[in-house]
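In the working numbering, each residue's number is its place in the sequence shown (first place is 1) plus 4. Built from N, CA and C at the ideal position, the CB exists for glycine as well. Being a predicted model, the structure only gives us computed values, none of them experimental. The structure under discussion appears below in the form of structure tokens.
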Amino acid sequence: MTNYRPYNVYSPRRPERPKKSRRRLSVRQAMWLSLIFIVALAALRVDLAERAHAKAAAQAATARRVAAVAKLDVQIAQIADDNPQLSLSVATSDIARGQVAEYNANNVSDAASTAKVLSAALYLNEVEKGQKNLNQSIGGVSARQSLQLMVQQSDDTQWANINDLLSHSALQAYASGLGLASYNSDTNTLSAADMTKLLSLLYEGDLLNEAHTSLLLSFMQHTNREDFISPAVTASYSFYHKVGLDDDQVNDVGLIAGTDDTLVISIFTNGNSTYDWPARAALMQKITHLAEQAYFN
């Protein structure tokens, strides 16, 4: 006879195993954790101290630079006072911080051949717009060669050819669009402040694409005149510039690329018929040396 198990017969569950209690930390483990915590806390304190020290050092360096650039204003003014026979305009600025030291920087002067940088920038801008190209013939050579001759060798014939191709009205409109309010295409006049602004825009890539910026800067090296600002530039720095000579107007404008920053400098001088260009070169080199000290040291 089959024995059936009544459905309501209670069958107890297996007794549950007691849960294991959490392991307590051993003394050794507690010591190790304490040591790790102490080391981490010490490292955090060191990191915070280093950051605070770095911040304080950066603030001190900024304060020194601000004071040095302010002093440069006074030094340039003294140089001008020591050379009353000259008409002097100077504009200096650094790319990274925008600190400025100037003397008569907004005086409108004969730009001479320094304005060839503006003509070259406009031509390359039109190349980028598809309105011009670097292979077309200008004055019997390619446009690229014409630009190089105009900027690097300061060829006035090529400058006239390029300006005729661009037109004075286009040059005027281009300069106005860049905010160079002092520029006059008919008289070829410009302020040192506006020239410094133009060079800053060029170096920062705000005028041209990277390839054309590099091309124009390459034309501003190993030029036909390396006897004014050039000898004062620290050998380890990169230097791009353009000299302009017209009668007794002697200008040199350029970019000095240091380790962490780039100095823009424009020096316009008129000897008022003294024609002492070696003395002018010495004056420009003195200003450049002082500017390097103010901005880079």
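How many angstroms separate the CA atom of Asn-255 from the CA atom of Thr-96? One C-alpha to the other measures close to 14 Å.
Does the beta-carbon of Ala-125 have 16 or more other beta-carbons within 10 angstroms, so that it is buried, or is it exposed? buried
Taking the beta carbon of Val-73 as the centre, do at least 16 other beta carbons fall within 10 Å, making it buried, or is it exposed? buried
In the DSSP output, which residue or residues are listed as bridge partners for His-293? Beta-bridge pairing links His-293 to no other residue.
For Asp-98, count neighbouring C-beta atoms within 10 Å of its own C-beta (all shown protein chains included) and say buried if the count is 16 or more, exposed if not. Classification for Asp-98: buried.
Residues bridged to Glu-208 [DSSP beta-bridge criterion]: According to DSSP, which records beta bridges pairwise, Glu-208 is partnered with nothing at all.
Is the Cβ-Cβ distance between Leu-221 and Leu-202 less than 9 Å? no
Return helix, strand or coil for Ala-239, following the three-state DSSP convention. Under the three-state reduction of DSSP output, Ala-239 falls in the coil class, being neither helix nor strand.
Where Gln-89 and Trp-281 are concerned, what is the direct C-alpha to C-alpha distance, given to the nearest angstrom? 13 Å
Between Thr-96 and chain D, is the shortest Cβ-Cβ distance under 9 Å, so that the two count as touching? Among the chains in the structure shown there is no chain D, since it carries only a single protein chain.
So Thr-266 is in the beta strand (DSSP E); what residue range does that whole segment cover? 266-274
Less than 6 Å between C-beta atoms, sequence neighbours within five positions excluded: which residues of the same chain meet that for Thr-292? Ile-233 and Ala-236
Sub-9 Å separation of Leu-170 and Leu-151 beta-carbons: Contact annotation: Leu-170 and Leu-151 have beta-carbon atoms that are not nearer than 9 Å.
Burial state of Met-288 (16 or more Cβ within 10 Å): Per the 10 Å Cβ criterion, buried.
Rank Ser-186, Gly-275, Val-268 and Tyr-299 by C-alpha distance to the C-alpha of Ala-84 and give the top, closest one. Gly-275
Between the region 108-122 and the region 185-197, can you find at least three pairs of beta-carbon atoms closer than 8 Å? Proximity of the region 185-197 to the region 108-122 meets the contact definition, three or more beta-carbon pairs being nearer than 8 Å.
DSSP three-state label for Ala-105, please. strand
Which whole runs of the alpha helix (DSSP H) in the region 81-163 are 4 residues long or more, in chain order? 120-132 and 147-156
Taking only three categories from DSSP, how would you classify Asn-255? strand
Mark His-216 as exposed unless 16 or more other C-beta atoms lie within 10 angstroms of its C-beta, in which case mark it buried. buried
Does DSSP put Asp-231 in a helix, in a strand, or in coil? Under the three-state reduction of DSSP, Asp-231 is assigned to coil, being neither helix nor strand.
For Asn-192: DSSP bridge partner residues: DSSP output for Asn-192 lists no bridge partner at all.
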